[in-house]
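Counted the way this note's numbering counts, the sequence shown spans residues 1 to 116. Where a beta carbon is used, it is the ideal one built from N, C-alpha and C, also for glycine.
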Amino acid sequence: MAEETIYSKIIRGEIESEILYQDDLVTAFVDINPRAPKHFLIIPNKLIPTINDIEIEDEIALGRMFTVARKLAKEAGIDEDGYRLIVNCNAHGGQEIYHIHMHLVGGRPLGPMLLS
Ligand code: 5GP
Numbered sequence: 001m002a003e004e005t006i007y008s009k010i011i012r013g014e015i016e017s018e019i020l021y022q023d024d025l026v027t028a029f030v031d032i033n034p035r036a037p038k039h040f041l042i043i044p045n046k047l048i049p050t051i052n053d054i055e056i057e058d059e060i061a062l063g064r065m066f067t068v069a070r071k072l073a074k075e076a077g078i079d080e081d082g083y084r085l086i087v088n089c090n091a092h093g094g095q096e097i098y099h100i101h102m103h104l105v106g107g108r109p110l111g112p113m114l115l116s
């Protein structure tokens, strides 16, 4: 059984966060340390620690993360200019919180993908 992170408390409303969207499968909220004018996190309600732990049954929730990203980008007015979706995995990917999350960042030109 994977260990809960702070995100489980955010999903349950046990700690404060700016929730942007929530349904039975996913939750989206504002990143506490925004790296761009718009920086949101979209997570499955189910605790899946990393991309390596994804199961076939998770496909619906993972797909929902993309449709919620599309909705939030439109609401934030960054859909036409563009934005970036990032999912980090494990140490080399820079993952800090071990509950899968999709970063939605935008609101300024983000430049080329960072590889180093
Ligand atoms: P990672 O590096 O794991 O891909 O990203 C973790 C993200 O979670 C970071 O961007 C960090 O700012 C965000 N974060 C960490 N703790 C909290 C918190 O308590 N509330 C919110 N809203 N975001 C958090």
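Short Cβ contact (7 Å threshold) for residue i with residue j
i	j	result
ALA2	LEU41	no
PRO37	ARG84	no
THR27	ILE51	no
Buried or exposed by the 16-neighbour rule on C-beta atoms within 10 Å, applied to residue i
i	result
HIS92	exposed
VAL68	buried
ILE100	buried
PHE66	exposed
ILE32	exposed
Residue i to residue j span [Cα, whole Å]
i	j	result
LEU25	ASP81	28 Å
GLU59	GLY106	25 Å
ILE15	LEU114	32 Å
GLU57	GLU4	20 Å
VAL30	GLN22	12 Å
ILE86	LYS74	17 Å
GLY77	ARG70	11 Å
PRO112	GLN95	20 Å
Three-state secondary structure (DSSP) of residue i
i	result
ARG84	strand
MET113	coil
LYS74	helix
LEU104	strand
ALA36	coil
TYR21	strand
THR27	strand
ILE48	coil
ILE97	coil
ILE15	coil
Assumed close pair residue i, residue j - CB separation to whole angstroms, cut-off 8 Å
i	j	result
PRO49	TYR7	Between TYR7 and PRO49 the Cβ distance is about 11 Å, and since that is not below 8 Å, they are no contact.
ASN45	ILE19	With 8 Å as the limit, ASN45 and ILE19 do not qualify as a contact, their Cβ atoms being about 12 Å apart.
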